[in-house]
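To start, the structure itself, in structure tokens.
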Amino acid sequence: MEIERRSLESRQASARDMLRGDLEGEDLERYVEERVVTTTFEKMLNLARANSIFPLTFGLACCAIEAPISIVTARYDLARFGAEALRASPRQADLIILSGRVSIKMAPVVRRLYDQMLEPKWAISMGACSSSGGMFANYAVVQGADKFMPIDLHVPGCPPRPEAVMYGFNKLQRKIIGSPDQGWRARYNAAGTEEWARGGPASKPSIEAAEAYELARELAAKEPTRA
Amino acid sequence: MADLTADLVADRTTEMMTVNIGPHHPATHGVLRLVVDLEGEVVRDLKPVIGYVHTGIEKSCEDKSYWKVIPFVERMDYVSYFFQMEAYCGAVERLIGLEIPPRAKYLRTIFLELNRIHSHLVWLGTTALDLGAISMLWYCFRERDRILDLFEMATGQRMHTRYFQVGGVIEDIPVGFEEKCRSFVHDMPIRVGQYEALLDRNEVFLQRTKGVGIVSHERLLDLGVTGPLLRAAGDPWDLRKAFDYLAYPEMDFKIPVGTVGDNYDRYRVRVAEMVESTKIIGQALEALPGGPFIAEDRKYVLPPRSELSTSMESLIHHFKLVTEGFRVDPGEIYYAIEGPRGELGCFVLADGSSKPARVHFRDPSFVNLQSFADMAKDSYVADMICSLGMLDPILGGVDR
Amino acid sequence: MPDGPGLELLRGEIDADAPGAVLATSYEKERAALIVDPDRIVEVLTWLRDTPGQGYRFLSSLHVADYLPAEPRFGVHYELLNRERVERLRVKAMLPAEGPEIDSVTDLFPTANFQEREAFDFFGVVFHGHPELTRILLPEDYVGWPQRRDFPVGGEPVTFTYSEERYG
């Protein structure tokens with residue numbers, strides 16, 4: 001049944017009739033159709049999950065002042081995206097924002113926190129230090145949290161502005177809903193221009209490294225996609 | 228019935244329980260881990276375990292030329308970044324004997340005091356949050372965003388601005404900065420008055436902070452504690468007044484001092500310091516001299532870009548400074564300034580090459596943390612949390 | 628800071644009470660330093676703290692610097708501060724490369740507790756008499772003394788496709 005736009009007065013009249021219990025037959029059906037949307041259960045669930053994320057109050061270093069502290073303050077309000085309730089316990093949180101440099105002493109602690117979180121869970125690596133070690137290429141900083149835990153989203157910056165983190169947060173929400181944003185390569189038809197850090201199609205690693213990459217790719221292909 | 232309860236009470240023994248708090252805990256003070264010996268709710272002994280955000284900054288600095296060290300060094304204590312820049316740049320300037328122009332001194336003073344207010348605002352917001360006064364976080368961060376707008380206007384970055392360079396500041400302040408800063412300086416004391424109206428005579432706040440966390444003055448000096456913690460115990464020791472550096476000798480400001488040295492005094496001292504800092508900024512803005520904002524010595528300071536197309540020497544200096552950096556004759560120096568948490572000292576050892584041989588920071592939070600065990604002994608866990616807030620440790624500085 | 632002549636006077640006074648403890652003096656960049664025999668460090672610091680008229684009762688900082696390739700290699704620096712006269716004085720003790728050991732000054736200056744632990748953690752300098760000399764900033768089971776000049780900075784090189792064979 002098609003829904004044609006009706007004028008405001010006719011819609012108000014039908015609403016009044018509905019409240020009185022006067023609508024019948026075709027009018028009733030049209031009224032209901034205008035207000036009901038059908039979808040799959042997974043889509044509904046993902047929509048609910050994306051719009052009510054509970055971040056973990058977890059701050060490591062400088063990025064912690066921008067998020068999670070500054071991002072929940074009045075100017076860069078994260079509550080408008082549903083993420084107002086920051087939980088202190090990892091058992092109650094969905095999202096861990098790694099805000100700051102991960103030192104070698106802290107890495108097992110972060111991994112344990114991530115393991116204590118319940119599925120479904122996401123991780124945002126905020127800033128350069130947790131994405132790739134940042135400017136600290138030395139013995140004490142783990143060169144990227146990717147080395148010990150799966151990360152869903154990286155936000156560059158040192159420290160990234162709260163708006164940048166919120167932009168990343170929005171992208172994460174779209175990823176959860178199931179329609180992740182197209183990267184610029186898809187938009188501009190630039191596939192094949194990737195410069196892989198290691199193990200990509202154009203790389204020429206040593207024999208052992210090549211075998212290790214193959215094995216890792218097989219394992220990744222076998223793992224089911226996460227909800 | 229009474230006999231039964233008497234027996235129960237007599238049978239009950241309290242035993243010591245060792246509890247681990249952190250490194251991830253809701254008190255927003257960074258990754259500090261405390262191993263606490265509890266007898267019931269009373270803390271008997273406390274051991275801080277640190278190192279969870281140790282970044283090896285001092286080691287990284289040995290690998291970089293002198294001006295590349297500046298962004299590393301400012302990421303130590305991550306709410307008072309200008310202070311670390313000043314400690315390092317000041318140390319290197321004294322090593323090479325470079326005199327910075329007066330405008331740079333005043334600009335540095337303005338930014339240092341803005342950073343001090345920023346640090347105290349972050350402290351006040353997060354500590355009040357720990358104590359339950361949750362709305363203070365929003366008010367303090369509203370002011371903090373105004374300060375960060377000023378930083379962004381002048382330097383392009385909200386935090387970690389790399390604004391101070393060896394010889395002065397990297398850029399002059401833009402048009403409009405002075406008015407914005409003046410309006411901030413005008414508004415800030417009113418805001419601080421509002422914060423005081425919320426907390427100063429709040430019964431809950433007073434009960435939580437008065438008489439809590441007292442450490443004797445001699446013990447604080449023995450432990451090397453400086454800054455607002457020492458001033459709250461009644462000692463008017465402030466490196467801005469004791470040593471002459473930057474434009475502080477020409478500024479007229481008071482040193483707020485407490486009486487008893489409990490948490491309430493520490494709170495009052497820091498809030499009063501915010502007002503004094505606004506006075507310093509106002510005076511510095513009034514007296515801001517003209518002239519160059521960075522030293523003219525081309526051997527250590529990059530020449531302005533306009534000269535590069537006309538002067539061959541400038542081109543050579545620029546090339547040398549950017550590729551290798553300037554060299555410093557062998558020597559060592561220790562230079563200390565008054566940071567928001569106490570004495571921030573920088574030790575630079577130069578060995579004649581273009582990279583420092585050792586950069587070490589005497590961080591106030593690291594040394595102040597030693598007094599935490601004394602503050603929290605024989606008090607309740609809630610008092611310990613309050614003392615931790617008033618101690619104001621920033622773990623980036625503690626761990627470096 | 629005591630100026631050049633003042634520093635020599637100070638050295639003269641210490642030599643009267645503790646002969647042979649001070650090995651040299653150095654005055655550069657308006658900073659005064661005494662280079663002291665490491666075995667007599669506690670004696671010298673006690674003298675500086677307790678002698679009436681000296682009163683260097685505040686230890687600002689205790690840190691170690693590695694002077695490789697010069698020998699003796701480790702320099703333990705004690706930055707002392709006299710708050711009444713507002714004067715700083717640096718006391719240096721040089722330690723050799725094998726077995727860098729020195730007495731702890733935590734009894735004199737309790738502030739040295741964490742700072743000596745940090746020096747031990749980074750350089751391997753052993754402080755005798757310290758109540759709890761364990762690693763403070765690095766993990767307890769870490770092997771190596773990172774801040775020494777011959778310890779590599781660490782980290783890993785960023786690999787791209789053109790450099791992948793080199794870095795594996």
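From first to last, the protein sequence lines stand for chains A, B and C.
Position 8 (the first sequence) corresponds to 8 in our numbering; numbering is contiguous.
Plus 227 on top of the position in the second sequence (first one is 1) and you've got our numbering.
Plus 627 on top of the position in the third sequence (first one is 1) and you've got our numbering.
Quick reminder that beta carbons are idealized off the backbone N, C-alpha and C, glycines included.
Here the structure is a predicted model, which means the values were calculated and not measured.
Straight-line Cα distance separating residue j from residue i
i         : j         : result
LEU45(A)  : LEU356(B) : 34 angstroms
VAL713(C) : VAL528(B) : 32 angstroms
PRO519(B) : LYS468(B) : 26 angstroms
ILE521(B) : PRO328(B) : 6 angstroms
PHE588(B) : ALA212(A) : 43 angstroms
ASP664(C) : VAL649(C) : 6 angstroms
ALA67(A)  : MET611(B) : 26 angstroms
TYR76(A)  : VAL263(B) : 37 angstroms
GLY633(C) : ASP471(B) : 20 angstroms
LEU456(B) : GLU430(B) : 23 angstroms
LYS582(B) : PRO784(C) : 21 angstroms
MET208(A) : ARG776(C) : Before going on, a small fix: residue 208(A) reads as Glu here, not Met. Using only the alpha carbons, I get a separation of about 34 angstroms.
ALA230(A) : HIS252(B) : Given that chain A is displayed from residue 1 to residue 227, the structure contains no residue 230(A) and the question cannot be resolved.
LEU259(B) : GLY100(A) : 14 angstroms
PRO567(B) : PHE41(A)  : 54 angstroms
Same chain only: Cβ atoms within 6 angstroms of residue i, ignoring 5 sequence neighbours per side
i         : result
ALA227(A) : Caution is warranted here: a pLDDT of 33 is assigned to ALA227(A), below 50, making its placement in the model unreliable, and no coordinate value can be reported.
TYR705(C) : LEU689, VAL718
GLN597(B) : LEU450
THR225(A) : Low per-residue confidence applies at THR225(A): pLDDT is 47, beneath 50, and the placement is therefore not dependable enough to give any value.
Partner residues on chain A for residue i, Cβ-Cβ distance less than 7 angstroms
i         : result
SER287(B) : PHE136, ASN138
PHE368(B) : SER70, THR73
Check whether residue i and residue j have beta carbons under 8 angstroms apart
i         : j         : result
LEU571(B) : ALA314(B) : yes
LEU707(C) : LEU722(C) : no
ILE508(B) : LEU341(B) : yes
LYS332(B) : LEU466(B) : no
VAL306(B) : SER346(B) : yes
LEU322(B) : VAL586(B) : no
LEU615(B) : PHE593(B) : no
ALA140(A) : GLY283(B) : yes
LEU339(B) : PHE310(B) : yes
TRP122(A) : LEU78(A)  : no
GLU266(B) : MET243(B) : yes
LYS43(A)  : GLY134(A) : no
Contact set between residue i and chain C, taken where Cβ atoms lie within less than 8 angstroms
i         : result
GLN597(B) : PRO737, THR738, ASN740, PHE741
ILE277(B) : ILE763, LEU764
Cβ shell of residue i (< 8 angstroms), same chain only, five flanking positions each side left out
i         : result
ARG418(B) : TYR366, GLU370
ASP27(A)  : SER14, ASP17
GLU534(B) : SER541
HIS755(C) : GLU728, ILE729, ASP730, SER731
ALA191(A) : ARG185
ASP524(B) : LEU325, GLY394
Cross-chain neighbours of residue i in chain B, by beta carbon under 9 angstroms
i         : result
HIS757(C) : Under the 9 angstroms cutoff, chain B gives no residues; its nearest Cβ is about 13 angstroms from HIS757(C).
Contact set between residue i and chain C, taken where Cβ atoms lie within less than 7 angstroms
i         : result
PHE593(B) : PHE741
ASP626(B) : LEU764
Where residue i meets chain B, residues with beta-carbon distance less than 8 angstroms
i         : result
SER731(C) : What SER731(C) touches in chain B: nothing, since even the nearest Cβ is about 14 angstroms away.
ARG638(C) : None at all; the shortest Cβ gap to chain B is about 19 angstroms.
PHE58(A)  : HIS251
ILE97(A)  : Residues of chain B passing the Cβ test: none, with the nearest at roughly 13 angstroms.
Where residue i meets chain A, residues with beta-carbon distance less than 8 angstroms
i         : result
LEU695(C) : Those do not exist, as LEU695(C) stays about 18 angstroms from chain A at its closest Cβ, beyond 8 angstroms.
GLY782(C) : GLY133, PHE136, ALA137, ASN138, TYR139, VAL141, GLN143
TRP365(B) : THR73, ALA74
Close Cβ partners of residue i (< 7 angstroms) along its chain, the five nearest in sequence each way excluded
i         : result
GLY682(C) : ASN709, GLU711
VAL625(B) : ILE277, ASP590, SER592, PHE593, LEU596
TYR475(B) : THR336, ARG467
LYS437(B) : ASP489, TYR491
Within chain C, the residues that residue i reaches when beta carbons sit closer than 9 angstroms
i         : result
LYS43(A)  : By Cβ distance, chain C contributes nothing, its closest Cβ being about 39 angstroms from LYS43(A), past 9 angstroms.
ILE104(A) : LEU765, PRO766, TYR769
Contacts of residue i in chain B (Cβ-Cβ under 7 angstroms)
i        : result
ALA88(A) : PRO253
Under 9 angstroms by beta carbon: chain A residues contacting residue i
i         : result
PRO646(C) : Those within 9 angstroms of PRO646(C) in chain A number zero; the least Cβ separation is about 44 angstroms.
Note down, one range per segment and in chain order, each alpha helix (DSSP H) of at least 4 residues found wholly within the region 727-762 of chain C. Every alpha helix (DSSP H) of 4 residues or more that sits fully in the region 727-762 of chain C is shown, in chain order, as 739-750.
4-residue-minimum alpha helix (DSSP H) runs that sit fully inside the region 246-289 of chain B, ordered along the chain: Entirely contained in the region 246-289 of chain B, the alpha helix (DSSP H) runs reaching 4 residues are, in chain order, 284-288.
Using Cβ-Cβ distances below 9 angstroms, what residues of the region 433-463 of chain B are close to chain E? Considering every chain present, this structure includes no chain E. Its protein chains are A, B and C.
Unbroken stretches of the alpha helix (DSSP H), 4 residues or longer, contained in the region 642-693 of chain C: Here the runs fully enclosed are 668-677.
Sequence ranges, alpha helix (DSSP H) only - wholly within the region 344-425 of chain B, length at least 4: Complete alpha helix (DSSP H) runs here, min 4: 362-382.
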